[in-house]
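Inspection log for the structure reproduced underneath, given as structure tokens.
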Amino acid sequence: MPWRDRLIVALDVDTADAALAMVDRLGGDISTYKVGFELFVSAGPDIVRRIHERGKRVFLDLKYHDIPNTVAKAAVAATRLGVFLFNVHASGGLDMMQRTVSAVNEISAKEGLDRPKIIAVTMLTSITSEVLKNELAISHPVRTQVRTLASLAQRAGLDGVVASPQEISMIKEQCGRQFLVVTPGIRPSWTPPDDQRRTATPREAIHDGADYIVMGRAILTADDPARAIELISLEMLSA
Ligand code: C5P
Numbered sequence: 038m039p040w041r042d043r044l045i046v047a048l049d050v051d052t053a054d055a056a057l058a059m060v061d062r063l064g065g066d067i068s069t070y071k072v073g074f075e076l077f078v079s080a081g082p083d084i085v086r087r088i089h090e091r092g093k094r095v096f097l098d099l100k101y102h103d104i105p106n107t108v109a110k111a112a113v114a115a116t117r118l119g120v121f122l123f124n125v126h127a128s129g130g131l132d133m134m135q136r137t138v139s140a141v142n143e144i145s146a147k148e149g150l151d152r153p154k155i156i157a158v159t160m161l162t163s164i165t166s167e168v169l170k171n172e173l174a175i176s177h178p179v180r181t182q183v184r185t186l187a188s189l190a191q192r193a194g195l196d197g198v199v200a201s202p203q204e205i206s207m208i209k210e211q212c213g214r215q216f217l218v219v220t221p222g223i224r225p226s227w228t229p230p231d232d233q234r235r236t237a238t239p240r241e242a243i244h245d246g247a248d249y250i251v252m253g254r255a256i257l258t259a260d261d262p263a264r265a266i267e268l269i270s271l272e273m274l275s276a
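Okay, so the sequence shown: first residue is 38 according to our numbering, each after it adds one.
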């Protein structure tokens with residue numbers, strides 16, 4: 038896969054105009070954009086269509102977590118919207134994930150749609166082992182929980198997981214190389230970590246086996262985003 042298809046830019050802005058201006062500014066260098074809660078709730082599903090009209094793919098990052106029937110129906114809506122990738126919370130359980138995969142497979146076949154890839158969030162990176170123990174009454178460390186939920190997602194037939202840079206190798210070892218790992222929390226060597234706690238450089242993430250890396254601020258707030266992408270691509274290539 039060429040490097041440009043492995044770099045996903047997070048459109049963490051609150052208007053369609055700002056998002057589309059960034060897509061137009063980055064032009065041919067980027068093929069895939071992440072649309073998350075802020076942009077989706079502000080601009081609606083039309084923003085996804087408008088990104089598609091520009092020939093780009095969309096990762097719909099809405100982290101579905103609800104009863105199986107509700108998630109399966111929302112997954113059908115994402116499939117009809119034509120997104121390339123979307124996610125659910127693995128902690129929604131096996132039945133929720135299995136019914137999502139079945140609903141997506143069925144509607145794709147029936148309506149001749151491209152089947153989106155479906156990935157799971159295991160543990161949010163903001164959850165620490167202390168939060169697990171003291172607030173959620175789960176005594177395993179975060180890594181054990183991540184491994185358990187990644188295996189559950191694989192058993193349900195999902196295509197992969199979202200994971201922090203520190204978890205990439207563990208998940209690839211546990212679930213095999215074909216199981217996709219999408220990794221945020223990436224900082225090129227020249228930028229600050231912002232609020233991300235455990236970061237890695239693009240080179241480290243690709244070296245550890247990430248299939249896709251998600252980057253927002255390091256590109257969105259750069260004085261020259263095109264130059265930032267060029268430098269990031271060199272870091273990715275060096276892996
Ligand atoms: O600006 P930055 O590169 O930190 O943006 C990372 C993007 O990835 C944000 O959209 C953030 O919501 C998302 N993300 C994350 N950590 C996760 C899951 C998603 O940073 N565990």
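Every residue gets a Cβ at the ideal spot worked out from N, C-alpha and C, and that includes glycine.
Asked, Found
"For His126, which beta-bridge partners are listed by DSSP?", "Val158"
"Any heavy atom of the ligand C5P within a distance shorter than 7 angstroms of the CB on Met252?", "yes"
"Along the chain, which unbroken stretches of the alpha helix (DSSP H) at least 4 residues long are found entirely within the segment 190–273?", "205–212, 239–245 and 254–257"
"Where Ala28 and Ile45 are concerned, what is the direct C-alpha to C-alpha distance, given to the nearest angstrom?", "Limits of the chain in this structure are 38 at one end and 276 at the other, which puts residue 28 out of reach."
"For Arg62, which option in Pro225, Ile256 and Ile208 has the closest C-alpha, if you only look at C-alpha atoms?", "Ile256"
"Less than 7 angstroms between the CB of Thr162 and some heavy atom of the ligand C5P, yes or no?", "yes"
"Please go through the segment 96–145 and give each complete alpha helix (DSSP H) segment of 4 or more residues, from N-terminal end onward.", "105–118"
"Please work out which residues of its chain come closer than 7 angstroms, Cβ to Cβ, to Glu75, disregarding the five sequence neighbours upstream and downstream, and give them in chain order.", "Asp49 and Asp51"
"Applying the 10 Å Cβ sphere with the 16-neighbour rule, what's the burial state of Met273?", "buried"
"Under the rule that 16 or more other beta-carbon atoms within 10 Å means buried, what is Asn171, buried or exposed?", "exposed"
"Assuming Pro202 contacts Thr165 (C-beta within less than 8 angstroms), just tell me the rounded distance between them.", "The pair is not a contact, with the Cβ atoms about 16 angstroms apart (cut-off 8 angstroms)."
"Give me the Cβ distance between Ile155 and Val138, rounded to the nearest whole Å; I'm assuming they're in contact under 8 angstroms.", "6 angstroms"
"Specify the secondary structure class of Arg285 as computed by DSSP and reduced to three states.", "Outside the shown range of the chain (38 to 276) lies residue 285, about which nothing can therefore be said."
"Whole angstroms is fine: what's the gap from Arg214's alpha carbon to Ile208's?", "9 angstroms"
"Here's the rule: buried if 16 or more other CB atoms are within 10 angstroms of the residue's CB, otherwise exposed. What is Glu204?", "buried"
"Just the C-alpha distance for Ala47 and Lys147, rounded to the nearest angstrom, thanks.", "31 angstroms"
"Taking Asp42 as the reference, give the member of Val113, Leu131 and Leu122 with the closest Cα.", "Leu122"
"Quick check on Ile84: does DSSP put it in helix, strand or coil?", "helix"
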